[in-house]
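For the sequence shown, UniProt numbering assigns the number 1 to the initial residue and increments by one for each residue that follows.
In this text, a Cβ means the ideal position worked out from N, Cα and C, and glycines have one as well.
Note that the structure is a prediction, hence the values are computed from the model and not measured.
Before any comments, here is the structure.
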Amino acid sequence: MATNNNDKMSREEAGRKGGEATAKNHDKEFFQEIGQKGGEARANQRDGGDSDDNNGKMSREEAGRKGGEKSRR
């Protein structure tokens with residue numbers, strides 16, 4: 001266990017202790033539910049919106065269409 005000067009807890013140790021406390025207070029169903037919510041939110045971040053709304057990046061649909069075009073060479 002790594003500790004800083006003045007007997008302060010390191011971030012690593014604090015995270016470990018917090019994770020252990022959370023695991024004690026919640027069951028498997030809780031973790032499945034928050035994992036599902038997080039996965040859905042992340043999928044919406046990646047796939048949602050048009051090409052104008054993707055921080056300057058083209059959509060997957062647009063990229064597929066562009067990739068399927070003939071080369072100019």
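If we ignore side chains and look at the alpha-carbon of each, how far apart do D27 and A43 end up? Locating residue 27 in the sequence shown gives position 27, counting from the first residue. Locating residue 43 in the sequence shown gives position 43, counting from the first residue. The straight-line gap from Cα to Cα measures roughly 25 Å.
Cβ shell of N25 (< 8 Å), same chain only, five flanking positions each side left out: For the purposes of this step, residue 25 is taken as residue 25 along the sequence shown, with counting starting at 1. For N25, where only same-chain residues beyond five positions count, there are no Cβ hits under 8 Å.
Exposed unless 16 or more other CB atoms sit within 10 angstroms - verdict on R60: In the sequence shown, residue 60 corresponds to position 60, counting from 1. Classification for R60: exposed.
Who are the Cβ neighbours of G49 in its own chain at under 8 Å, not counting the five residues just before and after it? Sequence index remark: in the sequence shown, residue 49 carries index 49 (1-based). In this prediction, G49 has a pLDDT of 48, which is less than 50 and means its spatial position is unreliable; what the coordinates show is noted afterwards. If the five residues before and after G49 are omitted, its C-beta is found closer than 8 Å to the C-beta atoms of S59, all from its own chain and listed in chain order.
Expressed to the nearest angstrom, what Euclidean distance is found between the alpha-carbon atoms of K8 and R16? Position 8 of the sequence shown, counted from the start, is the residue given in the question as residue 8. Position 16 of the sequence shown, counted from the start, is the residue given in the question as residue 16. The straight-line gap from Cα to Cα measures roughly 15 Å.
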